[in-house]
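Trainee:
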Amino acid sequence: MCNCTDHNAAAEGPVKVWRRDDDVKPAAKKPGFSPLYREDILNTIEDKIKELDGELRELSLDIHAHPELGYEEFYAHDAYTKFMTKHGWTVDKEYLLPTAWRATFERGTGGRTIGINSEMDALKGIGHACGHNLIGISGVAVAIAIRAAIEKHDLTGKIVLLGTPAEEGGAGKVVLLEKGGYEGMDACLMCHPAPGPVGSVSLSSSLALERISAEYKGHTAHAALSPWEGKNALDAAVLGYNNISALRQQIKPTHRVHGIFEGKDWAANIIPDYAKFISYVRAPTRNELQQTVKRVTPCFEAAGLATGCEVNIEIVGAVYDIRQNKALGDEVANVVLNRYGDIDYEWGISSASTDFGNVTYALPSLHPGFAIPTVVDGGNHTRAFAESAATIDAHYACLDVSKALAATGVRVLIDDDFFAKVKRTFEEDKLLREQA
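Residue numbers for the sequence shown, in the UniProt record's numbering: 1 to 436.
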């Protein structure tokens with residue numbers, strides 16, 4: 001995450017997100033930027049999101065006040081489906097998963113389909129410390145704004161808004177992808193808040209991630225009277241951790257390995273017969289991740305061998321790095337630069353991971369980050385970030401990037417040349433992945 005001084009100045013007072021005055025539309029073209037595509041459509045999008053401002057703010061704070069863990073987002077499921085039903089959408093509750101949902105709108109026949117994602121889950125103990133309340137309302141705003149443009153300008157196309165559960169460790173989008181939730185989409189859009197230069201949108205990638213758990217089974221014994229009778233599962237887990245610590249010196253600085261211990265029925269006077277080490281392995285790309293995983297798993301095996309414990313290694317399944325579609329990204333960048341702020345290609349969630357990465361491998365997709373004001377050491381997955389995600393400045397930063405995404409989504413639906421470029425850049429990136 002970025003540590004720029006302009007958004008880490010809490011001691012100097014509140015930091016404000018740059019946003020234009022809602023009542024003043026700046027010039028459609030600035031020196032060095034391309035002309036806006038269909039400025040009339042963007043104006044419609046802006047007007048619709050301005051109209052929804054209060055409702056979206058209320059929805060965001062409602063979700064923020066009711067944080068739920070992955071696959072337990074029942075309150076969020078009901079809140080979002082009620083909202084979309086009220087706005088006249090066809091809503092499928094419990095879509096493919098108990099807390100997933102789908103809202104659809106279609107006008108005309110034979111048109112393209114734009115997909116959008118709204119995340120819902122929170123983090124254990126620290127609530128919406130990754131800002132999923134903002135991601136959720138952004139999806140809603142993008143979908144409703146695209147619909148407004150379709151209806152006002154007599155366009156053809158289909159919108160599919162997916163409510164996606166369990167991004168935080170549950171890989172909900174991967175499950176939905178496997179179950180066919182993304183079938184029929186020609187492109188998919190979403191966004192994510194993060195610390196960063198105030199007023200900017202980031203088009204960085206993210207790290208691919210593999211979840212590995214090593215479960216150790218040993219034998220209990222009296223820890224003082226006859227410890228030699230035991231096989232210490234906790235020692236095995238600690239050795240696995242230490243082996244990884246030694247390995248870190250030999251892996252690239254762009255790679256990550258981290259984790260926690262879990263146990264059951266532990267007592268200080270009993271040799272533990274069970275322990276689990278849950279780890280995350282991360283790397284810049286899926287291919288690099290696979291190579292690092294091959295080096296990590298022997299660390300767990302060696303720990304079992306050294307302690308005489310049985311070890312069971314489970315590789316849960318990977319989430320991939322984000323492959324930002326260049327054509328979609330260039331369009332969002334141009335809209336942002338013309339109207340809302342700056343573009344960056346480095347900060348965002350570049351050192352984090354998301355299950356949306358798998359979606360970007362499957363179809364043309366875009367996942368920009370947008371900066372919200374944060375305090376020192378108050379980035380994603382902190383209590384301070386949860387507080388930041390409820391601020392009015394974060395809300396308006398979210399709405400600005402949503403306008404750019406909606407404009408890009410409309411162009412996917414109606415501009416044949418642009419969509420051909422979207423498909424071409426996807427195939428070019430696919431070729432690069434295969435050659436890496």
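Ideal Cβ placement from N, Cα and C applies to all residues, glycine included.
As the structure is a computational prediction, the values presented were derived from the model and not from experiment.
What are the boundary residues of the alpha helix (DSSP H) that I138 is part of?
Mentor: Along the sequence shown, one-based indexing puts residue 138 at 138. In the sequence on display, residue 138 carries Ser and not Ile. Element bounds for S138: 132–152.
Trainee: Note down the Cα distance separating P364 from A143, rounded to an integer number of angstroms.
Mentor: The residue you call residue 364 lines up with position 364 of the sequence shown. The residue you call residue 143 lines up with position 143 of the sequence shown. Distance between the alpha carbons of P364 and A143 is about 17 Å.
Trainee: Taking the C-alpha atoms as reference points, what is the distance between S206 and A352?
Mentor: Taking the sequence shown and counting its residues from 1, one reaches residue 206 at position 206. Taking the sequence shown and counting its residues from 1, one reaches residue 352 at position 352. Distance between the alpha carbons of S206 and A352 is about 6 Å.
Trainee: Might you give, ordered along the chain, the residues of its own chain that have their beta carbon closer than 7 Å to the beta carbon of V175, omitting 5 neighbours on each side?
Mentor: If you number the sequence shown from 1, residue 175 lands on position 175. Excluding residues within five positions, the ones whose Cβ falls inside 7 Å are L97.
Trainee: Ordered along the chain, which non-local residues of its own chain (more than five positions away) have a Cβ less than 7 Å from that of C309?
Mentor: Here residue 309 corresponds to residue number 309 of the sequence shown, with the count starting at 1. Closer than 7 Å at the Cβ level, and outside the excluded window around C309, lie Y216, K217, G218, K231, A233, A236.
Trainee: With three or more beta-carbon pairs closer than 8 Å as the criterion, would you say the region 418–433 touches the region 314–331?
Mentor: Segments in contact, yes.
Trainee: Name the residue from G131, I313, V91 whose alpha carbon lies nearest to the alpha carbon of V296.
Mentor: As a working note, residue 296 is residue 296 in the sequence shown. Residue I313 is the option with its Cα nearest to V296.
Trainee: Evaluate the contact criterion for the region 84–101 versus the region 184–191: three or more CB pairs, one atom per stretch, below 8 Å.
Mentor: The region 84–101 vs the region 184–191: no contact.
Trainee: Can at least three beta-carbon pairs, one atom from the region 54–71 and one from the region 115–129, be found at a separation below 8 Å?
Mentor: Because the criterion of three Cβ pairs below 8 Å is met, the region 54–71 and the region 115–129 touch.
Trainee: Pick helix, strand or coil for E346, following the three-state DSSP scheme.
Mentor: Translated into positions along the sequence shown, residue 346 becomes position 346. Coil at E346, not helix or strand.
Trainee: Ignore the nearest five residues each way along the sequence and tell me which others in S388's own chain have a CB closer than 7 Å to its CB.
Mentor: Indexing the sequence shown from 1 puts residue 388 at position 388. Correct list, in chain order: I372, P373, T374, G378, A394.
Trainee: Would DSSP call V257 helix, strand or coil?
Mentor: Within the sequence shown, residue 257 is the residue found at index 257, counting from 1. In this structure, V257 counts as strand in the three-state DSSP scheme.
Trainee: Can you give, in chain order, each stretch of the beta strand (DSSP E) that sits fully within the region 62–137 and has at least 3 residues?
Mentor: Here the runs fully enclosed are 90–92, 101–107, 113–119.
Trainee: From the DSSP output, which residues share a beta bridge with V293?
Mentor: Indexing the sequence shown from 1 puts residue 293 at position 293. None; V293 has no bridge partner.
Trainee: Under DSSP, the beta strand (DSSP E) around H395 begins and ends at which residues?
Mentor: Here the question's residue 395 lines up with position 395 in the sequence shown. No beta strand (DSSP E) holds H395; the alpha helix (DSSP H) holding it covers 392–414.
Trainee: Could you pull out every residue in the same chain whose Cβ sits closer than 8 Å to the Cβ of Y241, ignoring the five residues on either side in sequence?
Mentor: Sequence index remark: in the sequence shown, residue 241 carries index 241 (1-based). If we look at Y241 and ignore the five residues flanking it on each side, its Cβ neighbours are G259, F261, F277.
Trainee: Under a three-way DSSP split, which group does I270 fall into?
Mentor: In the sequence shown, the residue the question calls residue 270 occupies position 270. Correct three-state label for I270: strand.
Trainee: Between H222 and N269, what straight-line distance do the alpha-carbon atoms span, to the nearest angstrom?
Mentor: One-based indexing of the sequence shown puts residue 222 at position 222. One-based indexing of the sequence shown puts residue 269 at position 269. Between H222 and N269, the C-alpha separation is close to 6 Å.
Trainee: By Cβ distance, which residues of its chain are closer than 7 Å to E106, with the 5 residues on each side in sequence left out?
Mentor: Residue mapping note: residue 106 aligns to position 106 of the sequence shown, counting from 1. So the qualifying residues of the chain are K158.
Trainee: Compare the beta carbon distance of L52 and C191 with 9 Å and say whether it is the shorter of the two.
Mentor: Here residue 52 is taken as the residue at index 52 of the sequence shown, counted from 1. Here residue 191 is taken as the residue at index 191 of the sequence shown, counted from 1. No, these two residues do not count as a Cβ contact at 9 Å.
Trainee: Using DSSP bridges, identify the partner residues of G157.
Mentor: The count along the sequence shown starts at 1 and reaches residue 157 at position 157. According to DSSP, G157 bridges with R107.
Trainee: Since I believe M84 is in contact with A103 (beta carbons under 8 Å), could you give me their beta-carbon distance rounded to a whole number of angstroms?
Mentor: Here the question's residue 103 lines up with position 103 in the sequence shown. Here the question's residue 84 lines up with position 84 in the sequence shown. Between M84 and A103 the Cβ distance is about 4 Å, and since that is below 8 Å, they are a contact.
Trainee: Taking DSSP's pairing of strands, which residues face P298 in a bridge?
Mentor: As a working mapping, residue 298 is identified with position 298 in the sequence shown. Paired residue(s): none; P298 is not in a bridge.
Trainee: Might you give, ordered along the chain, the residues of its own chain that have their beta carbon closer than 6 Å to the beta carbon of G108, omitting 5 neighbours on each side?
Mentor: Sequence index remark: in the sequence shown, residue 108 carries index 108 (1-based). Taken in chain order, the residues that qualify are T156.
Trainee: Would you please state the rounded distance, in angstroms, between the beta carbons of F300 and A214? I believe it to be under 8 Å.
Mentor: The residue labelled residue 300 in the question sits at position 300 within the sequence shown. The residue labelled residue 214 in the question sits at position 214 within the sequence shown. Their Cβ separation, rounded to whole angstroms, is 4 Å, which keeps F300 and A214 in contact under 8 Å.
Trainee: Compute the distance between the beta-carbons of V332 and L203, then report whether it is under 9 Å.
Mentor: If you number the sequence shown from 1, residue 332 lands on position 332. If you number the sequence shown from 1, residue 203 lands on position 203. Contact flag set, yes.
Trainee: Would you list the residues sitting across from G163 in a DSSP beta bridge?
Mentor: Here residue 163 refers to the residue found at position 163 of the sequence shown. According to DSSP, which records beta bridges pairwise, G163 is partnered with W101, S118.
Trainee: Tell me the rounded alpha-carbon separation between I322 and A306.
Mentor: Counting from 1 along the sequence shown, the entry for residue 322 is found at position 322. Counting from 1 along the sequence shown, the entry for residue 306 is found at position 306. Distance between the alpha carbons of I322 and A306: 39 Å.
Trainee: Suppose the cutoff is 7 Å on Cβ atoms and the five residues either side in sequence are ignored; what does the same chain contact list for R57 look like?
Mentor: The sequence position of residue 57 within the sequence shown is 57, counting from 1. Excluding sequence neighbours, R57 sits near H395.
Trainee: Using a Cβ-Cβ cut-off of 7 Å (strictly less than) and excluding sequence neighbours within five positions of S350, which residues of its own chain qualify?
Mentor: Numbered from 1 along the sequence shown, position 350 holds the residue referred to as residue 350. Here the set comprises S204, S205, S206.
Trainee: Counting along the chain, where does the alpha helix (DSSP H) carrying G172 start and finish?
Mentor: As a first step, residue 172 is located in the sequence shown; it is residue number 172 there, counting from the start. Element bounds for G172: 172–178.
Trainee: List the whole-angstrom C-beta distance separating A303 from L239, where the pair is believed to meet the contact cut-off of C-beta under 8 Å.
Mentor: For this step, residue 303 is matched to residue 303 along the sequence shown. For this step, residue 239 is matched to residue 239 along the sequence shown. About 4 Å separates the two Cβ atoms, so the contact holds.
Trainee: Cα separation between V410 and I150?
Mentor: Start at 1 with the first residue of the sequence shown, and residue 410 comes out as number 410. Start at 1 with the first residue of the sequence shown, and residue 150 comes out as number 150. Going from the Cα of V410 to the Cα of I150 covers about 8 Å.
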